[in-house]
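What follows is one structure encoded as structure tokens, with my remarks underneath.
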Amino acid sequence: MAQPARQAVSKLLSGHESEILVEWQKRLKDDGALKSGRLKEAELNAQCANFLRLLRKAFEGGAVDADSEQFAETFEMLGELSSSRAAQGFSPRETAIFVFSLKQPLFEALEHHGGADAAAKMQVNWSIGQLLDRFGLFTIEAFQKRREELIVRQEREISELSTPVIKLWDGILALPLIGTLDSQRTGVVMENLLESIVAQGADIAIIDITGVPTVDTLTAQHLLKTISAARLMGADCIISGIRPQIAQTMVHLGVELTVVSKATLADAFALALARRGRAVTKVRRPESPAAQA
Amino acid sequence: MDRIPILRLGKALLVTIQVDMHDQLAQALEEDLSAAIVKHGANGVLIDISALEVVDSFIGRMLDTVAAVSRVLDADTVVVGMRPAVAITLVELGLSLNGVKTALNVDRGMALIQRHTRRSDDDEDGD
Numbered sequence: 001m002a003q004p005a006r007q008a009v010s011k012l013l014s015g016h017e018s019e020i021l022v023e024w025q026k027r028l029k030d031d032g033a034l035k036s037g038r039l040k041e042a043e044l045n046a047q048c049a050n051f052l053r054l055l056r057k058a059f060e061g062g063a064v065d066a067d068s069e070q071f072a073e074t075f076e077m078l079g080e081l082s083s084s085r086a087a088q089g090f091s092p093r094e095t096a097i098f099v100f101s102l103k104q105p106l107f108e109a110l111e112h113h114g115g116a117d118a119a120a121k122m123q124v125n126w127s128i129g130q131l132l133d134r135f136g137l138f139t140i141e142a143f144q145k146r147r148e149e150l151i152v153r154q155e156r157e158i159s160e161l162s163t164p165v166i167k168l169w170d171g172i173l174a175l176p177l178i179g180t181l182d183s184q185r186t187g188v189v190m191e192n193l194l195e196s197i198v199a200q201g202a203d204i205a206i207i208d209i210t211g212v213p214t215v216d217t218l219t220a221q222h223l224l225k226t227i228s229a230a231r232l233m234g235a236d237c238i239i240s241g242i243r244p245q246i247a248q249t250m251v252h253l254g255v256e257l258t259v260v261s262k263a264t265l266a267d268a269f270a271l272a273l274a275r276r277g278r279a280v281t282k283v284r285r286p287e288s289p290a291a292q293a
Numbered sequence: 001m002d003r004i005p006i007l008r009l010g011k012a013l014l015v016t017i018q019v020d021m022h023d024q025l026a027q028a029l030e031e032d033l034s035a036a037i038v039k040h041g042a043n044g045v046l047i048d049i050s051a052l053e054v055v056d057s058f059i060g061r062m063l064d065t066v067a068a069v070s071r072v073l074d075a076d077t078v079v080v081g082m083r084p085a086v087a088i089t090l091v092e093l094g095l096s097l098n099g100v101k102t103a104l105n106v107d108r109g110m111a112l113i114q115r116h117t118r119r120s121d122d123d124e125d126g127d
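Order-wise, the sequence lines are chains Z and F.
Under this note's numbering, the first sequence has 31 at position 31, and the numbering climbs by one with no breaks.
Under this note's numbering, the second sequence has 8 at position 8, and the numbering climbs by one with no breaks.
Structure follows, in structure tokens:
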């Protein structure tokens with residue numbers, strides 16, 4: 001930014017800050033910044049005032065362009081603003097409009113108070129435009145970053161939530177699988193299962209795939225790997241919960257699971273109990289004397 | 001040269017692997033084990049690898065070979081005490097040790113061998 005332009009912007013900001021602020025806030029509200037109800041008016045006003053104040057301070061401190069170190073605070077504030085907007089569920093447009101809507105009030109202030117030299121005004125106009133574009137892009141970038149962090153965190157939570165190992169009986173574990181089995185998840189599942197086998201001293205593990213939407217050759221391979229690893233630890237596996245369509249697909253694909261499989265978890269559990277020499281029987285109530293008489 | 005001790009427990013033999021295996025050690029173990037099976041008329045071999053933290057394809061193959069030799073001499077091989085990390089590594093290496101029986105610990109392995117022995121004794125009684 002050229003020196004005269006810098007001074008002109010600085011003068012504009014210090015001389016007419018409140019005027020610009022009022023116009024800017026009005027524009028933001030007209031645009032529907034408060035419509036969703038996620039942002040309070042006082043909060044928005046404070047954010048606007050804060051941003052303008054930081055901008056003025058940076059120019060007074062001798063900032064030249066967006067790369068000047070005087071803008072560090074401004075960028076920091078924008079970063080926080082974007083991530084809070086992202087967390088509140090605003091769209092990228094709604095987030096970026098915060099910066100871009102400042103353009104018009106600044107141009108108007110320049111028009112009224114910028115003096116008579118049209119060429120100089122043009123120059124200042126261009127500088128402001130460039131600066132605000134940088135800020136706007138930064139806002140979107142920060143917004144995007146925050147969203148990505150959110151997605152990564154959710155992914156991790158899902159993978160933790162969806163691989164529980166349940167103890168059904170002494171020495172019998174169940175592993176209900178939910179969702180697609182990729183190699184990364186298979187790793188987590190396998191580790192959880194093997195750790196539980198050691199911890200519980202289990203020798204039968206039931207892998208229930210009711211919640212697995214599709215079984216292709218790759219998924220089958222992952223299942224077989226898990227079963228082999230469990231076998232190496234001395235535990236037998238039973239597969240349960242293969243849905244009719246999946247059974248058909250598997251046969252058509254030529255996928256073969258070389259383990260015992262049962263239609264439902266209940267059947268698999270009954271088999272597991274039988275292998276451990278136990279059975280579920282109906283409780284026989286002693287007949288009441290009244291019935292005998 | 002170091003040798004891996006072979007302990008006799010009734011009709012079974014117990015081998016505990018606690019050191020890094022190398023070619024010669026494995027060779028010696030194979031020889032000692034086959035000699036011991038014949039000498040004691042053992043019908044089961046327990047190989048305890050709970051102390052092994054690292055395995056490679058060599059150990060996997062060694063276990064397979066020992067199992068094959070014991071089978072020829074009419075003894076069951078049970079690998080016991082494998083750690084989860086070791087099991088995952090072996091599976092990733094494509095070695096699922098199909099010819100070998102497995103158990104969680106020495107107790108269970110012993111029970112497995114005894115069950116098997118009893119069954120074959122019953123069969124003989126039946127004849």
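Just so it is clear, CB atoms sit at the ideal spot from N, CA and C, and this is done for glycine as well.
query, result
"Taking Cβ positions only, does SER196(Z) come closer than 7 Å to chain F?", "no"
"DSSP has ARG231(Z) in a bridge; who is on the other side?", "Partner(s): none; ARG231(Z) has no beta bridge."
"Contact defined as beta carbons within less than 8 Å: I believe SER240(Z) pairs with ASP216(Z). What is the distance between those atoms, to the nearest angstrom?", "Wrong, their Cβ atoms sit about 19 Å apart, outside the cutoff."
"Taking its Cβ as the centre, do 16 or more other Cβ atoms sit within 10 Å of LYS167(Z), making it buried, or is it exposed?", "exposed"
"Candidates ARG93(Z), VAL188(Z) and PHE59(Z): which alpha carbon is nearest GLY136(Z)'s?", "ARG93(Z)"
"With three or more C-beta pairs closer than 8 Å as the rule, is the region 93-102 of chain Z touching the region 17-32 of chain Z?", "yes"
"Note down, in chain order, every chain F residue with its Cβ under 8 Å from the Cβ of GLY241(Z).", "Within chain F, no residue comes near GLY241(Z); the closest Cβ sits about 23 Å away, beyond 8 Å."
"What would DSSP say about LEU34(Z), mapped onto helix, strand or coil?", "coil"
"What's the C-alpha gap between PRO5(F) and GLN114(F)?", "22 Å"
"Could you tell me the boundaries of the alpha helix (DSSP H) in which VAL189(Z) lies?", "183-200"
"Starting from the N-terminal side, write out each stretch of the alpha helix (DSSP H) that is 4 residues or longer and does not extend beyond the region 52-114 of chain Z.", "72-88, 92-100 and 103-113"
"Given that a residue counts as buried once 16 or more other Cβ atoms are within 10 Å of its Cβ, and exposed if not, what is ARG85(Z)?", "buried"
"For VAL12(F), report the span of its beta strand (DSSP E) as first-last.", "Residue identity differs from the one stated: residue 12(F) is Ala in this sequence, not Val. 12-16 is the extent of the beta strand (DSSP E) around ALA12(F)."
"State the beta-bridge partners of LYS29(Z) as determined by DSSP.", "DSSP, once it has assigned bridges, lists no residue as partnering LYS29(Z)."
"Is there at least one Cβ from chain Z nearer than 7 Å to MET82(F)'s Cβ?", "yes"
"I need the DSSP call for GLY126(F), collapsed to helix, strand or coil.", "The predicted position of GLY126(F) is uncertain, since its pLDDT is 48 and thus under 50; a value taken from the coordinates is nonetheless stated next. Three-state DSSP puts GLY126(F) in a helix."
"Can you tell which of ALA35(F), HIS40(F), GLU30(F) and GLY10(F) has the C-alpha that lies nearest to the C-alpha of ILE59(F)?", "GLU30(F)"
"Residue range of the beta strand (DSSP E) that THR281(Z) falls in?", "Neither: THR281(Z) is in no beta strand (DSSP E) and is coded neither H nor E."
"Which chain Z residues are close to ARG108(F), counting only those with a beta carbon under 9 Å from its beta carbon?", "GLY201, ASP203 and GLY234"
"Rounded to whole angstroms, what's the CA-CA distance from ALA128(Z) to GLU69(Z)? Just pull it up for me.", "According to the sequence displayed, residue 128(Z) carries Ile and not Ala. About 17 Å."
"Under a three-way DSSP split, which group does LEU168(Z) fall into?", "strand"
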